[in-house]
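Asker: Each residue of the sequence shown is one higher than the one before, starting from 1 at the first, in this note's numbering.
Below is one structure. I have some questions about it.
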Amino acid sequence: MSKTAFCKHRRSLNLLCKFKEKAVPVCHENADFSLFYSEKGIFMSHKIGITACSNPMHPSFSADLARLCQILRKLGFDPVLSPCLFDNGSGFSGTGAERADALMNLYCDPEITDIFDVSGGDMANEVLPYLDFSVIAASGKRFWGYSDLTTIVNAVTTATGNESMLYQVRNLLYDHSAEQITLFQNAFPGSLPASSTSLAHFCRAITWKV
C-alpha cells in the first residue's frame with residue numbers, strides 16, 4: 001500500500017511515541033536524513049508554519065524551539081514562525097482572534113505546505129469562530145496538532161475535507177528522537193518510506209466520524 005493511499009483523505013496521524021513533558025531534549029545527529037534527497041540527489045524543501053493556537057509557550061521553550069527549527073532545517077524544511085507562540089505577559093500568546101489571524105496568515109502563504117501547532121492545553125477552541133474555512137479549504141494545507149488541538153484538527157477536516165494530522169512535532173526533540181525523525185520523513189511527498197513497517201506504525205490513522 002502506498003503512503004498516499006495509507007494516509008489518505010480525512011484521516012489523522014496517531015503518534016507512536018507520545019510527547020513527554022519532562023523529557024530531556026536531544027538531537028540525534030546520526031538520524032537518517034537521506035529520504036529527503038530525490039533520485040537525482042537534489043535536496044527537497046518544504047516551507048512550513050509553526051504556531052500555537054492553544055496555551056502559550058513558556059519563554060523557557062525558546063531554546064527548544066531553536067533546536068526544533070535546527071532539526072527541521074536539516075530535514076529540508078523552512079520554518080516560518082507565528083507571532084503567537086509565547087506568553088505575552090497576559091497568560092496568553094494573543095486573543096482568540098489574534099491567534100486565529102496568525103494561523104490564517106500561514107494558510108494564506110502560498111509557499112507553505114504544512115502547519116504545525118506546538119502548543120496544547122485548553123485554549124484552542126477560542127480560535128474556531130475566527131477561522132475562514134473557505135480559505136483553509138482552498139489552501140489544501142495539512143494542519144498538525146495534538147492535545148486540545150483536536151478541536152482544530154476535527155474542525156478543519158470536517159469543514160474542508162483537508163487532511164489533518166494528530167501529531168506533536170515536538171516529539172522530534174525528545175525520547176526516541178531518531179526514530180521519530182525517520183518516521184516523520186515518511187509523511188511528506190517525495191520521500192520514500194524507510195520500511196513498510198515503520199510507515200504503518202507512524203500512520204496508525206484514526207478516521208474522524210462526522
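Glycine included, C-beta positions come from ideal geometry on N, C-alpha and C.
Compare the Cα-Cα distances from D117 to each of F86, L183, G91 and I181 and report the closest residue.
Answerer: F86
Asker: Just to confirm, is the Cβ distance from A102 to P79 under 7 Å?
Answerer: no
Asker: Counting only the same chain and skipping the five closest in sequence on each side, list residues whose C-beta sits under 7 Å from that of F33.
Answerer: Residue placement at F33 cannot be trusted, given a pLDDT of 43 that sits under 50; what the coordinates show is reported in the next sentence. Only K74 and L75 meet the Cβ criterion.
Asker: Since M165 and N55 should fall inside the 8 Å C-beta cutoff, what is the C-beta to C-beta distance between them, to a whole number of angstroms?
Answerer: 20 Å between Cβ atoms; not a contact.
Asker: Residues in the same chain with beta-carbon distance under 7 Å from I136, minus the five sequence neighbours each way, listed in chain order, please.
Answerer: Y107, V156, T160 and N162
Asker: Quick check on the DSSP output: the beta strand (DSSP E) that includes V80 runs from which residue to which?
Answerer: F77 to L81
Asker: Does the distance from the C-beta atom of S93 to that of A52 stay below 7 Å?
Answerer: yes
Asker: Only counting runs of 4 or more residues, tell me where the alpha helix (DSSP H) segments fall wholly within the segment 132-169, in order along the chain.
Answerer: 133-139 and 150-160
Asker: Pop quiz: T158 and L128 are said to be a contact at Cβ under 8 Å. What is the actual Cβ separation, rounded to whole angstroms?
Answerer: Their Cβ separation, rounded to whole angstroms, is 11 Å, which puts T158 and L128 out of contact at 8 Å.
Asker: Can you grab the Cα-Cα spacing for the pair N171 / L68, in whole Å?
Answerer: C-alpha separation (whole angstroms): 9 Å.
Asker: Does any CB atom of chain C fall closer than 7 Å to the CB of A138?
Answerer: No chain C is present in this structure, which holds just one protein chain.
Asker: Give the single residue among L173, S90, V153 and R99 whose Cα lies nearest to the Cα of L81.
Answerer: R99
Asker: Should I115 and F77 be called a contact, given that it needs their Cβ atoms to be closer than 7 Å?
Answerer: No, Cβ-Cβ distance for I115 and F77 is not below 7 Å.
Asker: Using three-state DSSP, classify T51 as helix, strand or coil.
Answerer: strand
Asker: To the nearest angstrom, report how far apart L173 and I71 are at their CA atoms.
Answerer: 8 Å
Asker: Do you know how far the Cα of Y167 is from the Cα of D175?
Answerer: Looking at the two C-alpha atoms, the distance is approximately 15 Å.
Asker: What is the DSSP secondary structure of T182, counted as helix, strand or coil?
Answerer: DSSP places T182 in helix when its eight states are reduced to three.
Asker: Quick one: Cα of P110 to Cα of M57, how far?
Answerer: In this model, P110 and M57 are separated by some 26 Å (Cα to Cα).
Asker: Between Y130 and the rest of its own chain, which residues show a CB-CB distance below 6 Å, the 5 nearest in sequence each way excluded?
Answerer: A97 and A100
Asker: Give me the DSSP bridge partner(s) of M57.
Answerer: F86
Asker: Return the bridge partner residues of F116 from the DSSP annotation.
Answerer: For F116, which the question treats as bridged, DSSP gives the partners I50 and W144.
Asker: Decide if S134 is buried, meaning its Cβ has at least 16 other Cβ atoms within 10 Å, or exposed.
Answerer: exposed
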